[in-house]
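Which chain is which? The protein sequence lines are A and B, in order. Just add 1 to the spot in the first sequence (first one is 1) and you have my numbering. Just add 80 to the spot in the second sequence (first one is 1) and you have my numbering.
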Amino acid sequence: DTGVSQNPRHKITKRGQNVTFRCDPISEHNRLYWYRQTLGQGPEFLTYFQNEAQLEKSRLLSDRFSAERPKGSFSTLEIQRTEQGDSAMYLCASSFPSGETQYFGPGTRLLVL
Amino acid sequence: DAKTTQPNSMESNEEEPVHLPCNHSTISGTDYIHWYRQLPSQGPEYVIHGLTSNVNNRMASLAIAEDRKSSTLILHRATLRDAAVYYCILDETAYNFNKFYFGSGTKLNVKP
């Protein structure tokens, strides 16, 4: 059973650097979601893909953030010019077209120094 | 404002039932209620979900108030492996996708 995988699991970077995270969803799932989770809080929705189309973006997703899902398979989330406030856990989830249950990956923990 | 409110923490004894409450007074008629749990350094794991009627599965039961403004997750016999943060989530189905709104979660401690 290959669930949702995310790489890297941990990333430490210096302020101002660019970082990119990868998410591989469950293969039959056409829906893919990105969330951000800060310490002690629940995850917050960032963006949603249906196949390769990015159909919804949260106001949390500033212009320094960009997400892609080429060919409707894996997805990448890039943060440009990182800031200390970007330090968080970035979670990816995927679901079937019916969509009610989302399956989460283990997350990528980002620390910006 | 948060769409769901939960107690910050609760404690239970092993082998006893646990009732985790959640308020969601702004819920609309088509919003599903989900519960997920999260262990440290892991992603959230699905527990149960429902719309109007009470729901049971092998992990837990979900009791939904008649006015749908609150719900309760019931773990029938808590084990040490049930210690986790439990999130009550409103699922707004909009534009043909399910948008999850997580609460701040209840940290459940289970005492042996």
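Just so you know, even glycine gets a beta-carbon here, dropped at the ideal spot from N, CA and C.
Check: Residue-level contact to chain A via CB, Asn178/B, 8 angstroms cutoff; Outcome: yes
Check: Short-range partners of chain B found in the segment 64-83 of chain A, where Cβ spacing is below 9 angstroms; Outcome: none
Check: Proximal residues of chain B, C-beta to C-beta of Pro107/A below 8 angstroms; Outcome: Ser121, Gln122, Gly123
Check: DSSP-derived helix/strand/coil call for Arg82/A; Outcome: coil
Check: Where Arg65/A sits in the DSSP three-state scheme; Outcome: coil
Check: Residues bridged to Pro101/B [DSSP beta-bridge criterion]; Outcome: Thr152/B
Check: Asp111/B, DSSP secondary structure in three states; Outcome: coil
Check: Contacts of Gly17/A in chain B (Cβ-Cβ under 9 angstroms); Outcome: By Cβ distance, chain B contributes nothing, its closest Cβ being about 27 angstroms from Gly17/A, past 9 angstroms.
Check: Which of helix, strand or coil DSSP assigns to Gly4/A; Outcome: coil
Check: Contacts of Ser184/B in chain A (Cβ-Cβ under 8 angstroms); Outcome: Gly41, Gln42, Gly43
Check: Cα-Cα separation, Asn103/B to Thr21/A; Outcome: 37 angstroms
Check: Short-range partners of chain A found in the segment 126-138 of chain B, where Cβ spacing is below 8 angstroms; Outcome: Tyr126, His129
Check: Trp35/A and Tyr91/A closer than 8 angstroms at C-beta; Outcome: yes
Check: Expected contact under 8 angstroms - CB spacing of Phe50/A and Leu33/A to nearest Å; Outcome: 4 angstroms
Check: Same chain, Cβ closer than 7 angstroms to Tyr126/B, neighbours up to 5 away in sequence not counted; Outcome: Tyr116
Check: Neighbouring residues, chain B, relative to Gln55/A (Cβ below 7 angstroms); Outcome: Residues of chain B passing the Cβ test: none, with the nearest at roughly 11 angstroms.
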